[in-house]
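When you line the sequence shown up against the numbering used here, it's residues 166 to 251, in that order.
Positions of the beta carbon are idealized from the N, C-alpha and C atoms, including for glycine.
First comes the structure, then the notes that go with it.
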Amino acid sequence: MLAALEQAQLVADEGRIWVFIDAEEEDYRLVTAADGYDTKIMKEVLDFLEQFGLELVDDSEYEPEFDENGNIIQYLCETDPKAVTA
Numbered sequence: 166m167l168a169a170l171e172q173a174q175l176v177a178d179e180g181r182i183w184v185f186i187d188a189e190e191e192d193y194r195l196v197t198a199a200d201g202y203d204t205k206i207m208k209e210v211l212d213f214l215e216q217f218g219l220e221l222v223d224d225s226e227y228e229p230e231f232d233e234n235g236n237i238i239q240y241l242c243e244t245d246p247k248a249v250t251a
């Protein structure tokens with residue numbers, strides 16, 4: 166399903182949004198800057214990821230996590246790839 170993104174590190178919004186993908190380890194994370202990000206760009210990133218079969222895990226399923234710089238870590242999970250429309 167994720168053949169095109171077996172391992173990837175994507176950066177958006179001038180470094181305020183990061184996506185880490187390691188399909189072999191089933192490790193899919195979205196990290197956002199502690200000081201915020203552009204919501205329009207976030208929607209574009211999430212739409213892009215849905216095309217490859219990744220979506221955000223409901224944040225009610227786990228406690229919020231932060232990295233050493235205070236950035237927010239959210240997890241992604243595999244789902245059926247979706248066609249995204251404008």
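For this session: Taking only the alpha-carbon atoms, compute the straight-line gap between residue 227 and residue 241 and give it to the nearest angstrom.
Result: Position 62 of the sequence shown, counted from the start, is the residue given in the question as residue 227. Position 76 of the sequence shown, counted from the start, is the residue given in the question as residue 241. Whole-angstrom Cα-Cα distance: 12 Å.
Exercise. On the three-pair Cβ rule with 8 Å, is the segment 203 to 219 touching the segment 170 to 185?
Worked result: The segment 203 to 219 and the segment 170 to 185 touch, with no fewer than 3 CB-CB distances between them shorter than 8 Å.
Exercise. Which same chain residues, not among the five before or five after residue 192, have their C-beta less than 8 Å away from its C-beta?
Worked result: As a working mapping, residue 192 is identified with position 27 in the sequence shown. So the list reads 185, 186, once near-sequence residues are dropped.
Exercise. Whole beta strand (DSSP E) runs in the segment 183 to 226 with 3 or more residues, listed along the chain?
Worked result: For secondary structure counted as the beta strand (DSSP E) over 3 or more consecutive residues, the segment 183 to 226 holds these complete runs in sequence order: 192 to 197, 219 to 221.
Exercise. Does DSSP put residue 176 in a helix, a strand or coil?
Worked result: The count along the sequence shown starts at 1 and reaches residue 176 at position 11. Residue state, collapsed to three classes: strand.
Problem set entry | C-beta contact flag for residue 178 and residue 207 at 9 Å | For this step, residue 178 is matched to residue 13 along the sequence shown. For this step, residue 207 is matched to residue 42 along the sequence shown. Result yes, Cβ atoms of residue 178 and residue 207 sit closer than 9 Å.
For this session: Take the Cβ of residue 231 as the centre, count every other Cβ of all protein chains shown within 10 Å, and call the residue buried at 16 or more, exposed below.
Result: Reading the sequence shown from its first residue, position 66 is the one you call residue 231. In the assembly as shown, residue 231 is an exposed residue. Its beta-carbon has fewer than 16 other beta-carbons within 10 Å.
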